[in-house]
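Some notes on the structure that comes next.
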């Protein structure tokens, strides 16, 4: 299977998604549309992963709009799609739903709670990395998958093929360091009251890699 990854900033890579692809002998191709204005075609896409970034799905930028066209095509062909943070917002926006400022700015480690048992075996409570100031409306045709203490709309699942999460399960320990050393200033004045130092010194929960695998296994299963 060819997994096409859309990476939007150098310090937010695929992390555990890469490990999952390698463990399953899938081929991963990473695109950087914000830097090279290049996207894969739908005919060369067996699975689409859309990662986070500092931009907004509301930005009037050519590649942001073209990315949503690719999402539309993937949905029409029932291709598995996984979106993290900006990626989840792009999916929701492509489906016609609103992206707006979050009621709170969440940056750091905080629990999320599973809201449906549609994906068997997920824990009821997990600790995830939050790094966002915008949020999506949950599409009507999907199910609310996760919520946090500060925000209801944290994740959705749709048609057994699409998952969008407002937060991050994919970073592993090295990825966490890369995110924080490059973008730690974003942690200032956030609702979780965590500094960049607090965030980088918090170990990535060992279960997060397993959860990431569960989510990806779900959207590719028959």
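In my numbering, the protein residues as written are 4 to 225. Every residue, glycine too, gets a C-beta built ideally from N, C-alpha and C.
- In the structure shown, residue 105 adopts extended strand secondary structure according to DSSP, grouped into three states.
- In this structure, the straight-line span from the alpha carbon of residue 30 to that of residue 201 is close to 35 Å.
- At a cut-off of 4 residues, the continuous stretches assigned as alpha helix (DSSP H) that sit fully inside the stretch 44-103 are 65-79 and 89-97.
- Per DSSP, reduced to three states, the secondary structure at residue 30 is strand.
- Assignment of beta-bridge partners to residue 113 by DSSP yields 131.
- Secondary structure within the stretch 160-200: the beta strand (DSSP E) runs of 3 or more consecutive residues, fully enclosed, are 165-168 (chain order).
- In the DSSP assignment, the residues bridged to residue 6 are 31 and 50.
- Residue 116 holds the alpha-carbon nearest to the alpha-carbon of residue 131 among 71, 61, 190 and 116.
- Counting C-beta atoms within 10 angstroms of its own C-beta, residue 15 has 16 or more neighbours from the protein chains shown and is therefore classed as buried.
- For residue 148 against residue 217, the beta-carbon gap comes to about 12 Å, at or over 8 Å, which does not count as contact.
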